[in-house]
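Asks: The UniProt record's numbering numbers the first residue of the sequence shown as 1 and each following residue consecutively. Virtual Cβ for every residue (Gly too), placed ideally from N, Cα, C. Take a look at this one; I'll ask things after.
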Amino acid sequence: MARTGWVTPIRLCQVLLGIAIFALIIYTLAVYKFDSVTKFMLFLGIWTGFIAPSYLGLAPVHFPRLAHYLVIPVVEISTFIMLLVGLILKGVDLPPASECKFAACEATQAVVVITAVECVLFLATSIQSIIDARRLHDKTVAKEQIVQTAAAREGAPETTQATETV
């Protein structure tokens, strides 16, 4: 995948924000609430802090076979959707700001804000990965057309077309 200059700093921000979500949710689980939404946010903290940015940042460089041009956008978009779902669920679960007078409740509010920022960052990198995948697909199609044209000029049978099945 082609990388632009702004993606790497955003990846670092995604990692830091994911770790912040993870830490705040651990605190919330220990002190305040232990419900399914908080458990989902714990998963999101682990996913966005450790797993997704590591794969998205390192796989195209060090493991190009693991970084298929369609897998990167799928991971980006699915992470964005999970963050959006977690943001909505946790936002609905929040008490009003006037009733939130203790540290664990304020940590939950901070999780919602950090998740919103992380969601926007993953939206930006999702759009970039879709653009990169489209660009790579167009290059692949152009190369196949050049090969087919050269084969047709030489009179050789085309080897890149799929065989017809009955």
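With distances taken from CA atoms, which of 52, 152, 59, 106 is nearest residue 78?
Replies: Ranking 52, 152, 59, 106 by Cα distance to residue 78 puts 52 first.
Asks: To the nearest whole angstrom, what separates the beta carbons of residue 94 and residue 72, a pair I think is in contact under 8 Å?
Replies: Not really, about 33 Å apart at Cβ, beyond 8 Å.
Asks: Buried or exposed for residue 133, going by 16 or more other Cβ atoms inside 10 Å?
Replies: Under this definition residue 133 is a buried residue.
Asks: Label residue 145 either buried or exposed according to how many other C-beta atoms from any shown protein chain fall within 10 Å of its C-beta, with 16 as the threshold for buried.
Replies: Under this definition residue 145 is an exposed residue.
Asks: Give a yes or no on whether the C-beta atoms belonging to residue 28 and residue 107 are separated by under 8 Å.
Replies: For residue 28 and residue 107, yes; Cβs fall inside 8 Å.
Asks: What residue range does the alpha helix (DSSP H) around residue 57 cover?
Replies: Here the alpha helix (DSSP H) through residue 57 covers 52–62.
Asks: Put residue 95 into one of helix, strand or coil per three-state DSSP.
Replies: Coil, per DSSP.
Asks: May I ask which residues mark the beginning and end of the alpha helix (DSSP H) holding residue 115?
Replies: Per DSSP, residue 115 belongs to the alpha helix (DSSP H) from 103–154.
Asks: What separation, rounded to the nearest whole angstrom, lies between the Cα atoms of residue 63 and residue 14?
Replies: Rounded to the nearest angstrom, the two C-alpha atoms are 21 Å apart.
Asks: Assuming residue 20 and residue 114 form a contact by the criterion Cβ under 8 Å, report the distance between their Cβ atoms to the nearest whole angstrom.
Replies: About 5 Å; that satisfies the 8 Å criterion.
Asks: Taking all protein chains shown into account, do 16 or more other C-beta atoms lie within 10 angstroms of the C-beta of residue 1, making it buried, or fewer, making it exposed?
Replies: Low confidence applies here, because residue 1 scores a pLDDT of 48, under 50, leaving its location unreliable; read the following figure in that light. Buried: at least 16 other Cβ atoms inside 10 Å.
Asks: Whole-angstrom Cβ separation of residue 41 and residue 111, contact assumed at under 8 Å?
Replies: The Cβ separation is near 6 Å, so the contact holds.
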